[in-house]
Structures are given as C-alpha cells and as structure tokens.
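As structure tokens, the structure follows; a few thoughts come after it.
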Amino acid sequence: MPSKLSIFDLKSDWLKDDIYVHGLKDEIKEITRLLGGPGKLSKRLEVNYNSCFREWTNGRTPVPLAKLERMISFCNANTATIIKSRISDRQCIISCRYSPHKMLFPSSISEDLSYLAGLILGDGSLAGDSSNARGNWNITALFDDINHQKMCDELIKKEFQISPKNHKDESECWLSVFSSKTTQWFWRSFFEMHNGYKASKISFPKIILDSPNNNFRIALLQGLFDSDGSITKRKSVQYASTSKIIVDQVSAQLSALGIVHSKAVWIKDKKYLPLYSIAIRRKSSVLSFAHQIGFRHPRKASILNRIALSSSGQG
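Position one of the sequence shown corresponds to residue 20 (this note's numbering), numbered consecutively onward.
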C-alpha cells in the first residue's frame, strides 16, 4: 500500500523559495475569501496585488510554495488541515522560478519510485554544488543494457512526467540525463540523496527504511542489485559498494528475509576506498533471493531465471 507524500512535509528546506505550485487558483480564491479579501491578504504576504496576487487567483502564474504555506498558516488550524489535505490528495505540478520545465510531484511512495531511488543510489548521480551554481542540475543514470534504460525511462516518465535525454558514452554504456532543479529538490529533500560525489556516502533513504511497507525496501534492493549487483559464473549473486553503511543495511534486509550471505571487504590500494561486498552463494539462498527480491534488469533477470529453472529441474 502506497505511503502518502506531500509538498507540505518539509518543515525547513534549502530550496523551498524556488519551488512553485501550479493549478491552485480555486484553493487560493477560497483562502482569500476566508481571510478578508485580496487587498488584506496581499499586504499580509507583503506582495504586490497587481503584479503577483491577481495572477495567482486567476491561475495565470504558479504560486511560490513558501507563500502558499504562509497563506495557509493564516487560516485556523482546522481549515489549514483541510486545505493542505485537499492539495496533497491531488496531482500537483511544480516548477522552479523562471523555468518553463514542470514536474509531476509524486503524491505517494510507490514500489517503482523506491526502485528508482535504488537505481540512482547505485548508478546515478546528481550534479554537485559547483555545477548547480552554474545552472547545471543534471540527474544522470548509467546503464549497461539499452532495454534496462528504456524500462527505467518509462518509470521516470510515469513518476515525474519527465522524458530523459539518451546518450551513449565512449565506454559503450547508455546514459539517461535530465536537467531538473525540481527533481533534484525532490530527491535531495525527501530521499536524502547526495549531490556531487556520493559513492561512499550512500545509504537507505529514511523514508523507505522507516516505512511499514516492506515492499518499498524490496524495490529499493532491486534497484541497488540492478545497478551494483552481479551474477558470477559460479551462480552466486553479489553486491558491492564503497559505502559500508549501505552494505550493512543491505545485509540487514537480506537477513530479515532469511537469505544467508557473507560479507567481505577488499582494499586494492591505500589510495583507493575499501570495497565492501556481499555474496549469496548457497543454492537455496540464491533461489530465495530470486523468489523474494530478484532483478528487474532484463539480462540479469534472465540469467537468474535460468538458474532458478535449472535448480527446480534438478529437484
């Protein structure tokens, strides 16, 4: 069962003043009526009535999220709760100041959104602070399989109504890239994603780790194994990361599912970060992984399926 997400969930935020919400003219008109009319409310908000407030009430321009929250805060507690709930229950379109690019705000955590989180934690990246300062808000996902890329592009379109641009790099990998300040705001604010260099810092998003819905954690594991997992010639399933935190968290989730595995650490050279790894070697554990988690990555899923069919045939 999905868990609700709301644009009002964040109490303090690094980018809230730049987030704009579209299509709320009816709600703004209602708030205006309750609070004594546009003249009074525009003064309380310290905005110019003609250049700003009239545009919001007519629905011609989006309202800044920070101003929307302030407007709602002027209402009594019961009314504020009702209005926030009504807005949160609808599909909100958001954008950033002066940007023509819009994004659908996911109204709930889903298995697909959790999967994308795992994928970005593994083979994805968010442009860092220095790039952000130059106007670069790229989010990039790396794929070794074009069919996997196509599948994930469709998930991104479904969740955010954004279509990534596709490239092929010199190492014969496929890249899905989209520049979106609002999407960075979403991942960094709600899922605690790191921008810039993040390999050794990644961890399970708290919003998924603390969720009562275990399917979200399963989907996150799928994303992680699809990006940083592998199947060896000896038919074991492995996962590796330079983040000890996330390897320990993956291990804890596997143990909770009864999947027997081992952990190891490998240090190639002092100038490199240690590589922490998990190996699922026992046949029964590999079959349990296939049954309870599995891969969405087409090629990895096909290999694991053949292993499972071969093992069941032997039984």
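Glycine included, each C-beta is placed from N, C-alpha and C at the ideal position. Computed from a predicted structure; not experimentally measured.
Span separating the alpha-carbon of residue 174 from that of residue 291: 34 Å
Inter-residue Cα distance where the pair is residue 77 and residue 184: 34 Å
Alpha helix (DSSP H) segment containing residue 85, residue limits: 84–92
4 or more residues per run - each alpha helix (DSSP H) lying fully within the region 173–258: 200–209, 225–228, 233–247
Cβ contact (3+ pairs, closer than 8 Å) linking the region 143–150 and the region 199–218: yes
Contact the region 29–49 vs the region 81–90: 3+ CB pairs below 8 Å: yes
Residue ranges of each alpha helix (DSSP H) within the region 125–167, 4 or longer: 130–142, 148–152
Spatial neighbours of residue 140 in its chain, beta-carbon cut-off 6 Å, leaving aside the 5 residues before and after: 221
Identity of the residues DSSP links to residue 22 by a beta bridge: 128
Closest by C-alpha distance to residue 51, when choosing among 92, 191, 158: 92
Touch test, the region 59–72 against the region 28–40, Cβ-Cβ under 8 Å, three pairs minimum: no
Assigned secondary structure, residue 44 (DSSP; H/G/I helix, E/B strand, else coil): helix
Sequence-distant residues of its chain with Cβ nearer than 6 Å to residue 334 (five each side left out): The predicted model places residue 334 with a pLDDT of 46, which falls under 50 and marks its position as unreliable; any figure quoted below should be read in that light. So the list is empty, once near-sequence residues are dropped.
Cα-Cα separation, residue 405 to residue 237: Within the shown structure, residues of the chain are numbered from 20 to 334, placing residue 405 beyond reach of any answer.
For residue 287 and residue 266, believed in contact at Cβ under 8 Å, the rounded distance: About 16 Å separates the two Cβ atoms, so there is no contact after all.
Helix, strand or coil at residue 123 [DSSP, three-state]: strand
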